[in-house]
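One rule links them: number in the numbering used here = place in the sequence shown (from 1) + 75.
We treat Cβ as the ideally placed atom computed from N, Cα and C, and that holds for glycine.
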Amino acid sequence: MKYLVLISILLIRLNGQQLSLSTFQNNIPQLFNPAAWNTDILSYSFLPNNQFSIYYRSQFIGLNLGPKYFGGHYDHFSNNKVIFGAGINQESFGPLTSTNVSGRYAYKIKLNNWSFLSGGLGMGFNYNGYNPSKITIRDPDDPLAENSENSIGMVFTPGAFISSSGKTDITYVFGASYNNLVSLLFSKTNNIKALKAITIHGSITKFLSPGYKKLSYYNLSFVYRQNLNISDDTDVSFKYQWNGLISLQSGFRFGTFNKLAAHAIHFDVGIPMTKILKLGNRALGINYSCDVPLGNPVNGVGLSHEISFGFLF
């Protein structure tokens, strides 16, 4: 049996609206992650040179007003030491729209036979649009709406990780990255505040198979996210993958910002297609995620769905 203990601290990109954490729980790496050698490509039996992913997310009821998110990214892995790539995505929420174009670079330094240090930088440009002619479903006093005039911003994300597997079957990954949207003040007013968010992520994965060709494992993870001075959200989830053919994940989200309250439950289904399609040294994954709000949905946000595709070669 192999074990993986992953405790990483990540900061997410926030482009003007808060999306469900299920967006960040699927198999598609949407966060800048210099530790991708241990996390993003761990479940494959080969080291890919390229990775391409596309994803789409929308609310089931009220598609014109609900949150929508779509985009894609491409990454190149060079000599198992360097990762660089670029991506583009767009989010919309009622009258709010946000488009982001970004690039990233990460480098791995071998410390010894079982440890390495990796770090990198992600930078991008963000355009926030606000169309008051659309009916808003947000509270007029919501800080997100208050700071939503048309603007152009720069996203800056440095990060560093250290990984050590020791002489046992346990691998440790620790790290942090910082993400901030800085307004360039190309707007009607100069008082637009940069929105920041911090995410703390930890997980424990127990592998049930001796190798990765017919990979079976189960995973227990938590994600804590705080939109500074606005809200917080904690996600606890359990995931199981069987024989490299299907992965199932369910989770529960709650928050404590104003008071302890249940936010939502989510369910994810992932289908690795490598074995089914006999792709060899290629990998194709399909992931579906559903997020069901609990209690009184905030600002009209209801049942949401996401589908994503990832291809490694």
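Cα-Cα separation, residue i to residue j
i, j, result
"I346", "Y293", "15 Å"
"G162", "G178", "6 Å"
"T264", "N203", "Low local confidence applies: a pLDDT of 48 at T264 is under 50, so the model's placement there is unreliable, with the coordinate-based value given in what follows. If you take the alpha carbons of T264 and N203, they lie about 14 Å apart."
"F342", "Y363", "8 Å"
"A220", "D310", "With a pLDDT of 49 at A220, under the threshold of 50, the predicted position of this residue should be treated as unreliable, and no value is reported."
"S312", "A181", "28 Å"
"F384", "N188", "34 Å"
"N175", "Y149", "14 Å"
"H380", "C365", "5 Å"
"R132", "K143", "5 Å"
"G195", "G160", "12 Å"
"F297", "N356", "31 Å"
"L335", "S190", "40 Å"
"I351", "S193", "33 Å"
Proximity of residue i and residue j at Cβ, strictly below 7 Å
i, j, result
"Q126", "L378", "no"
"I279", "L295", "yes"
"N318", "K289", "yes"
"G370", "A337", "yes"
Cut-off 6 Å between Cβ atoms - residues of its own chain near residue i, not counting five sequence neighbours on either side
i, result
"P368", "A339"
"Q324", "S312, K314, D343"
"L354", "none"
"F332", "S306, D307"
Neighbourhood of residue i by C-beta distance below 7 Å, restricted to the same chain and skipping five residues each side
i, result
"G146", "Y130, G162, I163, N164, Q165"
"K156", "Y182, K183"
"Q316", "L290, S291, Y292, S322"
From the options, residue whose alpha carbon lies closest to that of residue i
i, options, result
"N154", "S128, K185, T172, S173", "K185"
"H151", "S173, T172, S128", "S128"
"I158", "N124, S190, N356", "N124"
"R328", "K334, I351, Y299, N356", "Y299"
Whole-angstrom C-beta distance between residue j and residue i, which should lie under 8 Å
i, j, result
"G326", "D307", "Their Cβ separation, rounded to whole angstroms, is 16 Å, which puts G326 and D307 out of contact at 8 Å."
"S23", "N201", "Since the displayed the chain opens at 76 and closes at 388, residue 23 lies outside it and no answer follows."
Sequence-distant residues of the same chain with beta carbon closer than 8 Å to residue i, five excluded per side
i, result
"L283", "M76, S291, Y292, Y293"
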